[in-house]
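Participant: Take this structure, written in structure tokens, and hold onto it; I'll ask about it next.
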Amino acid sequence: MKSLSYLNKYFLKYKWRLLLGILFLVGTNFFKVKLPVYIGDKFNGLDDLAGKTDAYILDEAIMIGLGYIAIAVIAGVFLFATRQTIIIMSRMIEYDLKNEIYQHYQRLDYAFRSRQSTGDLMNRISEDVTYTRMYLGPALMYSISLVILFIFAIVEMVQINAVLTLFVLLPLPLMSFLVYKVSSKMNQYSRVVQGEQSNMSTLVQEYFSGIRVLKAYGGQKRVNEKFNDSSDAYLKKNMRLVVVNALFLPTIYVLIGLSTLLVIYVGGLFYFSGDISEGNIITFIIFVNMLTWPFASIGWVTSLVQRAAASQERINEFLDVKPEIVNTNMDTFSFEGEIEFRNVSYTYPEASSPSINNLSFTLKSGDTFGIVGRTGSGKSTILKLLTRQIDPSEGEIFIDGKSLKEINLDAFRAEMGIVPQEVFLFSDTIANNLRFGSAIDVDQARLEEVAKKAYVFHNINEFPKKFETLLGERGVNLSGGQKQRLSIARALIRNPKLLIMDDCLSAVDTKTEEIILENLRAETIKTSIVVSHRISSIRNATYIINIDDGAITEEGTHDELIALHGSYAEMYRKQLEENDPS
Ligand code: ATP
Ligand code: MG
Numbered sequence: 258m259k260s261l262s263y264l265n266k267y268f269l270k271y272k273w274r275l276l277l278g279i280l281f282l283v284g285t286n287f288f289k290v291k292l293p294v295y296i297g298d299k300f301n302g303l304d305d306l307a308g309k310t311d312a313y314i315l316d317e318a319i320m321i322g323l324g325y326i327a328i329a330v331i332a333g334v335f336l337f338a339t340r341q342t343i344i345i346m347s348r349m350i351e352y353d354l355k356n357e358i359y360q361h362y363q364r365l366d367y368a369f370r371s372r373q374s375t376g377d378l379m380n381r382i383s384e385d386v387t388y389t390r391m392y393l394g395p396a397l398m399y400s401i402s403l404v405i406l407f408i409f410a411i412v413e414m415v416q417i418n419a420v421l422t423l424f425v426l427l428p429l430p431l432m433s434f435l436v437y438k439v440s441s442k443m444n445q446y447s448r449v450v451q452g453e454q455s456n457m458s459t460l461v462q463e464y465f466s467g468i469r470v471l472k473a474y475g476g477q478k479r480v481n482e483k484f485n486d487s488s489d490a491y492l493k494k495n496m497r498l499v500v501v502n503a504l505f506l507p508t509i510y511v512l513i514g515l516s517t518l519l520v521i522y523v524g525g526l527f528y529f530s531g532d533i534s535e536g537n538i539i540t541f542i543i544f545v546n547m548l549t550w551p552f553a554s555i556g557w558v559t560s561l562v563q564r565a566a567a568s569q570e571r572i573n574e575f576l577d578v579k580p581e582i583v584n585t586n587m588d589t590f591s592f593e594g595e596i597e598f599r600n601v602s603y604t605y606p607e608a609s610s611p612s613i614n615n616l617s618f619t620l621k622s623g624d625t626f627g628i629v630g631r632t633g634s635g636k637s638t639i640l641k642l643l644t645r646q647i648d649p650s651e652g653e654i655f656i657d658g659k660s661l662k663e664i665n666l667d668a669f670r671a672e673m674g675i676v677p678q679e680v681f682l683f684s685d686t687i688a689n690n691l692r693f694g695s696a697i698d699v700d701q702a703r704l705e706e707v708a709k710k711a712y713v714f715h716n717i718n719e720f721p722k723k724f725e726t727l728l729g730e731r732g733v734n735l736s737g738g739q740k741q742r743l744s745i746a747r748a749l750i751r752n753p754k755l756l757i758m759d760d761c762l763s764a765v766d767t768k769t770e771e772i773i774l775e776n777l778r779a780e781t782i783k784t785s786i787v788v789s790h791r792i793s794s795i796r797n798a799t800y801i802i803n804i805d806d807g808a809i810t811e812e813g814t815h816d817e818l819i820a821l822h823g824s825y826a827e828m829y830r831k832q833l834e835e836n837d838p839s
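So, in structure tokens, the structure goes:
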């Protein structure tokens, strides 16, 4: 339960709303307990009606009815006001908490994100926060309400008969206990059902998105069987839940019935001994019914609180993760173009051997830096280190002579244009996808300019809606090469001083590649870094390294590397042959 104390700061934030809510609860319960007493009194007054005219009795009955309605309406108005305050407060806290989790996620670095699955996080934001909200809203409201109602009801009942009060109250704890047991089982089973359901939807989602592969390999039969299995499991688990659910209400009704019988029997004895009136018995019977639900809700609330505590614990655990990479410097920073890696090594947390091995190189302003190497040699890792998504395990990186760890990271990143190896486009318009790369709003002319530079303008123009074409699930699908070029345009839109391209021309032909590279040369970029599998992408670079296992094997300009007759020259020869088999 300790984990829930984290939420106290929010109670403090919304203390007036909460206080008002409690006040309204006092109001609603104050009037609620008047109802049974009112009915009892009126019942006792029936004797006075003997010998009165029918018209008089009818008038009296209408007055009694109106009185009852008036009290009930007042109690109802207070109840409405309670929900408007306490339940709304819980929604507000839910909103704050979701924001807090989201903001925290943004602060966390690559290392954490690569350990955690996105699905887990989605769960945390949606499911766990929902459980927490149930504690903040309904659980809190019912608990406070119960305490108030209990006090008011006892006061009223004891005034009539203390012993009978005891008989009314006796079965209630048993009821709470039973409901608690049943709701715990219900929670437990429904968690299992939810698990089955999410298994099933993951399966379906995967099959639908992979439908082309599935059909191509004729996998329908196998997939259908798997789906049927999953569906069966879901059904079985659900049936178990249905049984428990079905037992719930009958159990409560039996208990209410027993309590009512007890009141009638004991109350009857008191009536015959002349200690109470018939009206009092009616009052007590109504109290039994009135107290039953709140007491039943203790059990329900307890299981809600337990579930909320478990959820909040997971949330707290997540909020406690400290980002390893934090930006401590807020000074302005303007990139001059110098980059130095000094004896940098890096080992991924899950890896046994280093991915970058004692790597050193220096770039000056105006350089175009080419990185080649076979797959898995560490090219993308170098870029992650440079953009400070990860920090070196050993060695240091210097930007304009200053340690990367000491410069204003946000300012440095603002000067970069990054084209990642895996293109990511949002399900949004082309224009908005491009604008995403810029902090300031860009006009149509600028959009067209960068699209031309990335040689994707003519493709965009072929769509009827041009820059307003929707991409992704609900829009058009672009080819691999078109996506890559959009991604380049996005990086260019911010006028980067440092352009980083990670194998982002792999899906375009060599002619297009040449056009784009030519356009880029005309840009006012201070330093460009180009990673490629293809030598044609980097042959004009001022400085090229060929890496293997995270270490430099060859370095120099294209001509120098060719002259070495090493693996670079070999790779170049093979690629020339592929392009021109004659
Ligand atoms: P490619 O040309 O295929 O993109 P690359 O040169 O960019 O390859 P990197 O992505 O830098 O290669 O990976 C270098 C090495 O680090 C590989 O052996 C890879 O298995 C390993 N590696 C990459 N990312 C991780 C990670 N998150 N956790 C553990 N090991 C990783
Ligand atoms: Mg890579």
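Numbering-wise (this note's numbering), the sequence shown opens with residue 258 and increments by one.
Note that the Cβ used here is the ideal one computed from N, Cα and C, for glycine as well.
1) Mapping the DSSP letters down to three states, classify Phe288 as helix, strand or coil.
2) Could you check what DSSP says for Phe552 in three-state terms: helix, strand or coil?
3) Report the residue ranges of all beta strand (DSSP E) runs contained in full by the region 580 to 620; include only those spanning at least 3 residues, in chain order.
4) Got a sec: does ligand 1 put a non-hydrogen atom nearer than 7 Å to the Cβ of Thr632?
5) Does the count of Cβ pairs from the region 650 to 668 and the region 697 to 707 closer than 8 Å reach three?
6) Please state whether DSSP places Glu653 in a helix, a strand or coil.
7) Does any CB atom of chain B fall closer than 8 Å to the CB of Tyr474?
8) What distance in whole Å lies between the Cβ atoms of Ile539 and Gly297, which are believed to be in contact at a cut-off of 8 Å?
9) By Cβ distance, which residues of its chain are closer than 7 Å to Glu770, with the 5 residues on each side in sequence left out?
10) Should Ser260 be counted as a contact of ligand 1 given a C-beta to heavy atom distance under 7 Å?
11) Label His715 either buried or exposed according to how many other C-beta atoms from any shown protein chain fall within 10 Å of its C-beta, with 16 as the threshold for buried.
12) Mind checking whether the beta-carbon of Ser637 lies closer than 7 Å to any heavy atom of ligand 2?
13) Is it buried or exposed for Lys754, if we count other Cβ within 10 angstroms and need 16 for buried?
14) In the DSSP assignment, find the beta strand (DSSP E) that holds Thr784 and state where it starts and stops.
15) How many Å lie between Ile801 and Glu827 at the Cα?
16) Nearest to Ala668 by CA position, among Leu435, Met587, Lys494 and Arg469, is which residue?
17) Just to confirm, is the Cβ distance from Gly514 to Ser440 under 8 Å?
18) Output needed for Ser650: all residues of its chain with C-beta closer than 8 Å, excluding positions within five of it in sequence on either side, in chain order.
19) In three-state terms, what does DSSP make of Gly674?
20) So is Ile314 buried or exposed if we call it buried at 16+ other beta carbons inside 10 Å?
21) Please state if the CB of Thr389 and the CB of Gln569 are separated by a distance shorter than 8 Å.
22) Per DSSP, Ile628 forms a beta bridge with which residues?
23) Here's the rule I'm using: 16 or more other beta-carbon atoms within 10 Å means buried, otherwise exposed. How should Val787 be labelled?
24) Taking 8 Å as the threshold (C-beta atoms), are Gly627 and Gly594 in contact?
25) Figure out for me which residue from Ala746, Arg751 and Thr799 has the closest Cα to the Cα of Asn776.
26) Assuming Ile582 and Asp366 are in contact, meaning their beta carbons sit under 8 Å apart, how far apart are those beta carbons, in whole angstroms?
27) Going straight from the alpha carbon of Asn600 to that of Gly813, what length do you get?
28) By the 10 Å Cβ neighbour count, where 16 or more other Cβ atoms means buried, how is Gln739 classified, buried or exposed?
29) So the candidates are Phe681, Gln678 and Leu427; which of them puts its Cα closest to the Cα of Leu512?
30) Output needed for Pro580: all residues of its chain with C-beta closer than 8 Å, excluding positions within five of it in sequence on either side, in chain order.
31) Would you say the beta carbon of Tyr605 is closer than 7 Å to some non-hydrogen atom of ligand 1?
32) Taking all protein chains shown into account, decide if Met496 is buried (16 or more other Cβ within 10 angstroms of its Cβ) or exposed.
33) Mind checking which residues open and close the beta strand (DSSP E) that includes Glu812?
34) Below 8 Å, how does it come out for the region 280 to 293 and the region 329 to 340: are there three or more Cβ pairs, yes or no?
35) Classify Ile757 as helix, strand or coil using the three-state DSSP reduction.
Facilitator: So, from the listed chains and residues:
1) As a working mapping, residue 288 is identified with position 31 in the sequence shown. Phe288 falls in the helix class under three-state DSSP.
2) Residue numbering aside, residue 552 sits at position 295 when the sequence shown is read from its first letter. Correct three-state label for Phe552: helix.
3) 596 to 603 and 613 to 620
4) Taking the sequence shown and counting its residues from 1, one reaches residue 632 at position 375. Within the cutoff, so yes.
5) no
6) Counting from one through the sequence shown, the residue named residue 653 turns up at place 396. In the structure shown, Glu653 sits in a strand (DSSP, three-state: E or B).
7) Among the chains of the structure shown, chain B does not appear; only one protein chain is present.
8) Here the question's residue 297 lines up with position 40 in the sequence shown. Here the question's residue 539 lines up with position 282 in the sequence shown. About 5 Å separates the two Cβ atoms, so the contact holds.
9) Taking the first residue of the sequence shown as 1, we reach residue 770 at position 513. Excluding residues within five positions, the ones whose Cβ falls inside 7 Å are Leu762, Ser793 and Ser794.
10) Against the sequence shown, residue 260 aligns to sequence position 3. Incorrect: Ser260 has no Cβ contact closer than 7 Å to ligand 1.
11) As a first step, residue 715 is located in the sequence shown; it is residue number 458 there, counting from the start. Counting Cβ neighbours within 10 Å, His715 comes out exposed, since fewer than 16 surround it.
12) Here residue 637 is taken as the residue at index 380 of the sequence shown, counted from 1. Yes, Cβ of Ser637 sits closer than 7 Å to a heavy atom of ligand 2.
13) For the purposes of this step, residue 754 is taken as residue 497 along the sequence shown, with counting starting at 1. Buried is the call here.
14) Counting from one through the sequence shown, the residue named residue 784 turns up at place 527. Its beta strand (DSSP E) spans residues Thr784 to Val788.
15) Taking the sequence shown and counting its residues from 1, the one referred to as residue 801 is at position 544. Taking the sequence shown and counting its residues from 1, the one referred to as residue 827 is at position 570. One C-alpha to the other measures close to 15 Å.
16) Working through the sequence shown from its first residue, we reach residue 668 at position 411. Ala668 has its Cα closest to that of Met587, out of Leu435, Met587, Lys494 and Arg469.
17) Counting from 1 along the sequence shown, the entry for residue 514 is found at position 257. Counting from 1 along the sequence shown, the entry for residue 440 is found at position 183. It is not a contact, given that the beta carbons lie outside the stated cut-off.
18) As a working mapping, residue 650 is identified with position 393 in the sequence shown. Excluding sequence neighbours, Ser650 sits near Ser602, Tyr603, Thr604 and Pro611.
19) In the sequence shown, counting from the first residue as 1, residue 674 sits at position 417. In the structure shown, Gly674 sits in a strand (DSSP, three-state: E or B).
20) In the sequence shown, counting from the first residue as 1, residue 314 sits at position 57. Its Cβ having fewer than 16 others within 10 Å, Ile314 is exposed.
21) Position 312 of the sequence shown, counting from 1, holds the residue named residue 569. Position 132 of the sequence shown, counting from 1, holds the residue named residue 389. Contact flag set, yes.
22) In the sequence shown, the residue the question calls residue 628 occupies position 371. For Ile628, which the question treats as bridged, DSSP gives the partners Val788 and Ile802.
23) Your numbering for residue 787 matches position 530 in the sequence shown. It counts as buried.
24) The count along the sequence shown starts at 1 and reaches residue 594 at position 337. The count along the sequence shown starts at 1 and reaches residue 627 at position 370. Cβ distance not < 8 Å, so Gly594 and Gly627 don't count as in contact.
25) Within the sequence shown, the letter at position 519 stands for residue 776. Nearest of Ala746, Arg751 and Thr799 to Asn776, Cα basis: Ala746.
26) As a first step, residue 582 is located in the sequence shown; it is residue number 325 there, counting from the start. As a first step, residue 366 is located in the sequence shown; it is residue number 109 there, counting from the start. Indeed, because the Cβ distance is near 4 Å, the residues count as touching under 8 Å.
27) Here residue 600 is taken as the residue at index 343 of the sequence shown, counted from 1. Here residue 813 is taken as the residue at index 556 of the sequence shown, counted from 1. So the two alpha carbons sit approximately 18 Å from each other.
28) Residue 739 sits at position 482 when you count from the first residue of the sequence shown. That one is buried.
29) Position 255 of the sequence shown holds residue 512. Nearest C-alpha to Leu512: Leu427.
30) The sequence position of residue 580 within the sequence shown is 323, counting from 1. Cβ neighbours of Pro580 beyond the five flanking positions: Arg364, Leu365, Asp366 and Phe369.
31) Translated into positions along the sequence shown, residue 605 becomes position 348. Checking the Cβ of Tyr605 against ligand 1 gives yes.
32) Mapped onto the sequence shown, residue 496 falls at position 239. Answer is exposed; the Cβ neighbour count stays below 16.
33) On the sequence shown, residue 812 is found 555 positions in, with the first residue counted as 1. First-last of the beta strand (DSSP E) with Glu812: Ala808 to Gly813.
34) yes
35) If you number the sequence shown from 1, residue 757 lands on position 500. DSSP places Ile757 in strand when its eight states are reduced to three.
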